[in-house]
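Contents: one structure, followed by commentary.
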Amino acid sequence: METGGRAVELLISSDPKLAYGISKEIDNYNIERRNVDRLITTEAMRMISDDKRTSNARTTVLFNPSWKKGVIGIVASRLIETYYRPTVVLTESNGFATGSARSVQGYDLYQAIESCSDLLESFGGHMFAAGLTLKKENIGPFKERFEQYVSRTITEDQLQPRIFIDAELSSGK
């Protein structure tokens, strides 16, 4: 949630005491980040469960101006784990809605976002993850159009979670 400057200082430090102090500081930041992540994820899940329109939705698009920009990508990934549908999580930054998007296996999220590009100030990414910025007044139209596009282009199979197994182990019997 801070800049990476302290991590660089840790890596280049030749003073063990200084390095130890920086490592403790970074560890504290990580604990704080995990707590913020947990709180925002819980709030996001509550928003989804409280909105009856989302039960049949093919997408999740959430906005909260107070969420920390540094963790919304992680939150989007956690929502994918639970709801398994293309997900966009937005917060406010510099007067705009800005956020992170994550996709499900096999679905081209970038194309879906690109289909809404006239509503966006900027966006970038790839098939499974993206970042985007839009005017706050465009959140509603974006949410609607994103849902429509995904509903037309995603398959039922893509909405089913998959577990990929690299190898199987026997019990030795």
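By numbering that gives the first Met the number 0, the letter at position 7 of the sequence shown is numbered 6, and the numbering carries on one by one without gaps.
The beta carbon of each residue, even a glycine, is placed where N, CA and C say it ideally should be.
Just so we're clear, the structure is a prediction, and the values are computed from it rather than from any experiment.
Over the uninterrupted beta strand (DSSP E) stretch that includes threonine 59, give me the two end residues. In the sequence shown, residue 59 corresponds to position 60, counting from 1. Threonine 59 -> beta strand (DSSP E) spans 59-62.
Could you spell out where the beta strand (DSSP E) holding alanine 18 opens and where it closes? Residue 18 sits at position 19 when you count from the first residue of the sequence shown. Run containing alanine 18: none in the beta strand (DSSP E); it sits in the alpha helix (DSSP H), 15-49.
Suppose you measure from the CA of asparagine 93 to the CA of tyrosine 106; what does that come to, to the nearest Å? The residue labelled residue 93 in the question sits at position 94 within the sequence shown. The residue labelled residue 106 in the question sits at position 107 within the sequence shown. Distance between the alpha carbons of asparagine 93 and tyrosine 106: 31 Å.
Backbone secondary structure at valine 103 - three-state DSSP: The residue given as residue 103 occupies position 104 in the sequence shown. Correct three-state label for valine 103: coil.
Stretch pair the segment 15-32 + the segment 43-61: three plus CB contacts closer than 8 Å: Two segments are said to touch when three or more pairs of C-beta atoms, one from each, lie closer than 8 Å; by this definition the segment 15-32 does not touch the segment 43-61.
In the structure shown, what three-state DSSP assignment does alanine 75 receive? Locating residue 75 in the sequence shown gives position 76, counting from the first residue. DSSP places alanine 75 within a helical segment (H, G or I) once states are collapsed to three.
Could you have a look at glutamate 120 and say whether DSSP puts it in helix, strand or coil? The sequence position of residue 120 within the sequence shown is 121, counting from 1. In the structure shown, glutamate 120 adopts extended strand secondary structure according to DSSP, grouped into three states.
Chain-order list of residues whose beta-carbon lies under 6 Å from that of alanine 128 (same chain, five-residue window excluded): Within the sequence shown, residue 128 is the residue found at index 129, counting from 1. Arg101.
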